[in-house]
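Inspection log for the structure reproduced underneath, given as structure tokens.
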Amino acid sequence: MALSRLDNLYRQVILDHSSHPHHHGSLEKSNQRIELNNPTCGDVIHLELNMEDDIIQDIAFSGHGCSISTASASMMTEAVLGKTLAEAMALSENFSQLVQGNDVPELDKLGDAAMLGGVAKFPARIKCATLAWKALEKALDNPEMGIGESGFMKHEED
14 MALSRLDNLY
24 RQVILDHSSH
34 PHHHGSLEKS
44 NQRIELNNPT
54 CGDVIHLELN
64 MEDDIIQDIA
74 FSGHGCSIST
84 ASASMMTEAV
94 LGKTLAEAMA
104 LSENFSQLVQ
114 GNDVPELDKL
124 GDAAMLGGVA
134 KFPARIKCAT
144 LAWKALEKAL
154 DNPEMGIGES
164 GFMKHEED
């Protein structure tokens, strides 16, 4: 009975992030912009960051995707805001391990994103859950990257 209530709570939090995503839209000032798409399902994310002194000062996302993709992007923005590049990369790696069904140290640092651990039971949805996090990694891995014609550096998920 308690497990069922916990599942319902997780489901509700995920639906809330999907229906009312945090940090959704665009930034007035950003120095990192990337577009990443998942050709398997058609999800697309535009991620914008304002990095100052190696810290994510502001972050926003837009695009279109399924509930899992949108909720994960919302949760990711909450988890990494105010973090250093190294902290954000560590969170992204932990999230990737989580949705693959692996144990993760300091799970609580992922915030609401930890609730997406159940995605590991649905391999087809792992790419949906990790799309925003992969966009974050690509942006942080390439701090000097150029901006494409659309204003976003475009990538396809591997």
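Counted from 1, the sequence shown has number 169 at position 156 by this note's numbering; the numbering is strictly sequential. Glycine residues also receive a C-beta, built at the ideal position from the N, C-alpha and C atoms. Being a predicted model, the structure only gives us computed values, none of them experimental.
Taking a C-beta distance under 8 Å as the contact criterion, LEU94 and ILE58 do not qualify as a contact pair.
If the five residues before and after LYS42 are omitted, its C-beta is found closer than 8 Å to the C-beta atoms of ASN63, ASP71, all from its own chain and listed in chain order. Within the same chain, Cβ atoms closer than 6 Å to the Cβ of SER82 are found at ASP56, CYS141, LEU144, the five residues on either side in sequence being excluded. CA-CA distance, SER75 to THR53, rounds to 19 Å.
In the three-state DSSP reduction, HIS35 falls in the coil class, being neither helix nor strand. In the three-state scheme derived from DSSP, where H, G and I count as helix and E and B as strand, ASP154 is classed as helix. Boundaries of the beta strand (DSSP E) harbouring GLU48: 45-51, taken from the DSSP string. Taking 4 residues as the shortest admissible run, the segment 79-114 contains the following complete alpha helix (DSSP H) segments, listed from N- to C-terminal end: 80-93, 98-112. A distance below 8 Å separates the beta carbons of GLY124 and GLU91. When the beta-carbon positions are compared, LEU149 and SER85 stay at least 8 Å from each other. The alpha-carbon of ARG138 is positioned some 25 Å away from that of GLU100.
In the DSSP assignment, GLU61 falls within the unbroken beta strand (DSSP E) covering 56-65.
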